[in-house]
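Trainee:
2 protein chains.
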Amino acid sequence: MEQDTKKKALRAITYGLYVATAVEGEHYAAGTVNWLSQASFTPPLVMAGFKADSGIHALAESTGAFAINTLAAHQKDIAQAFFKPTELVDGTLNGYEFEAGPETGSPLLLDLPSWFEARVTDVIKKGDHSVFVAEVVSVGVRYPEAMPLAMRETGWSYGG
Amino acid sequence: MEQDTKKKALRAITYGLYVATAVEGEHYAAGTVNWLSQASFTPPLVMAGFKADSGIHALAESTGAFAINTLAAHQKDIAQAFFKPTELVDGTLNGYEFEAGPETGSPLLLDLPSWFEARVTDVIKKGDHSVFVAEVVSVGVRYPEAMPLAMRETGWSYGG
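Those sequence lines, one after another, are chains A and B. Quick note on this note's numbering: the first sequence kicks off at 78 and runs consecutively. Quick note on this note's numbering: the second sequence kicks off at 78 and runs consecutively.
(1) Within the continuous beta strand (DSSP E) that includes H134(B), where are the two ends?
(2) Helix, strand or coil for Q80(A) per DSSP?
(3) Does the beta carbon of F193(B) sit closer than 8 Å to a beta carbon anywhere in chain A?
(4) Compare the beta carbon distance of I133(A) and G102(A) with 8 Å and say whether it is the shorter of the two.
(5) For K203(B), which residues in the same chain have their Cβ closer than 6 Å to its Cβ, ignoring the five residues on either side in sequence?
(6) What did DSSP end up calling T91(B) once you bin it into helix, strand or coil?
(7) In three-state DSSP terms, what is K203(A)?
(8) If I follow the unbroken beta strand (DSSP E) through E230(A), where does it start and stop?
(9) Expressed to the nearest angstrom, what Euclidean distance is found between the alpha-carbon atoms of S215(A) and N111(A)?
(10) How big is the Cα-Cα spacing for T163(A) and V96(A)?
(11) Classify H151(B): buried if its beta carbon has 16 or more other beta carbons within 10 angstroms, exposed otherwise.
(12) Just checking my contact of S225(A) with T91(B) at CB under 8 Å: how many whole Å lie between their CB atoms?
(13) To which residues of the same chain is A149(B) closer than 8 Å at the C-beta, ignoring the five residues directly before and after it?
(14) For A86(A), name the three-state secondary structure that DSSP assigns.
(15) Tell me which residues of the stretch 104 to 118 of chain A have at least one Cβ-Cβ distance to chain B shorter than 7 Å, keeping chain order.
(16) Based on the DSSP secondary-structure assignment, which residues constitute the bridge partners of F209(A)?
(17) The stretch 192 to 220 of chain B: which residues have C-beta closer than 9 Å to a C-beta of chain A, in chain order?
(18) Just checking my contact of L113(B) with S114(A) at CB under 8 Å: how many whole Å lie between their CB atoms?
(19) Name the residue from A156(B), A135(B), G141(B) and P120(B) whose alpha carbon lies nearest to the alpha carbon of W233(B).
(20) Using a Cβ-Cβ cut-off of 8 Å, state whether P162(A) counts as contacting chain B.
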């Protein structure tokens, strides 16, 4: 395949931006991701692509759970903050306050407009990212009027 | 889970719109889908959620291949045309011309700005839609300047 064409064709896929989180004991992982989609209504499943060598991959796999926090249109700076390694500082993750999710304990970021927690049902490891299929087990909406952040509006891309 | 909250939280995921296609002998399937994401760079994998009782699910599973045709921002009418059952009429699919993909023979719609063909590596059947993980094996871009159609711009939603 011609690499420029591959990049162009795969970057035509439309994405949002989310902060994926997980926790195991004192270890926290929180990273900005975009490879995410619902995958079933009943049961409510999602599928996510997590980088094989990432903290979120490690903890989502070992604990069998993660949370997705959806970024709002004006929260590009928060997306950027979670490109960096995860640091627990003064009870915050990379400077952002959180609470433990009710079902899995996964960190829920208080500034982000909505979230869900999910329990992993399958992990398919075939590439530099793995496919996590997971059942949504709890949900929350903090700011119902917020518009989600679309990748295309940021000028960034991750894919190709 | 409270159903309205679940709907709101899951509809915060950002999607594009695509026509997924497959063929087996004289049988064609072409349907508008939105549950699609890349899932690895190397190898280039994608993941798609196909409705369990759909034609595209049946043919993608039996042949192990499908194509994704990305809709352009002005092609909401084409998205709508492929909500309907697939009909081969005068050599068109639901009225739209196509050619056979070079690697898998899956139909490529000539009016759509870009496409890729993929070979299925895994199918996870846990819900009313299945997760198809597939390796991208060929790509094409017909209209490089086209902007992809975003689900949120259509006023439609599929998720929740």
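Just so you know, even glycine gets a beta-carbon here, dropped at the ideal spot from N, CA and C. All of these numbers come straight from a predicted model, not from anything done at the bench.
Mentor: Result, derived from the coordinates:
(1) Careful: H134(B) lies outside any beta strand (DSSP E), inside the alpha helix (DSSP H) at G132 to T140.
(2) helix
(3) It does: the Cβ of F193(B) has a partner Cβ on chain A nearer than 8 Å.
(4) no
(5) none
(6) coil
(7) Note: K203(A) maps to coil in three-state DSSP.
(8) Here E230(A) belongs to no beta strand (DSSP E); instead the alpha helix (DSSP H) covers M228 to T231.
(9) 20 Å
(10) Between the C-alpha atoms of T163(A) and V96(A) there is a straight-line separation of about 11 Å.
(11) exposed
(12) The question names Ser, but residue 225(A) is Pro in the sequence shown. The pair is a contact, with the Cβ atoms about 6 Å apart (cut-off 8 Å).
(13) L189, P190, Y220, A223, M224, P225 and L226
(14) Of the three classes helix, strand and coil, the one that applies to A86(A) here is helix, per DSSP.
(15) W112, L113, S114, Q115, A116, S117 and F118
(16) A125(A) and V200(A)
(17) For the stretch 192 to 220 of chain B, residues whose beta-carbon sits nearer than 9 Å to a beta-carbon of chain A comprise W192, F193, T198, D199, I201, K203, G204, D205, H206, S207, V208, V210, E212, V213, V214, S215, V216, G217 and V218.
(18) 6 Å
(19) The option with the nearest alpha carbon to W233(B) is A156(B).
(20) no
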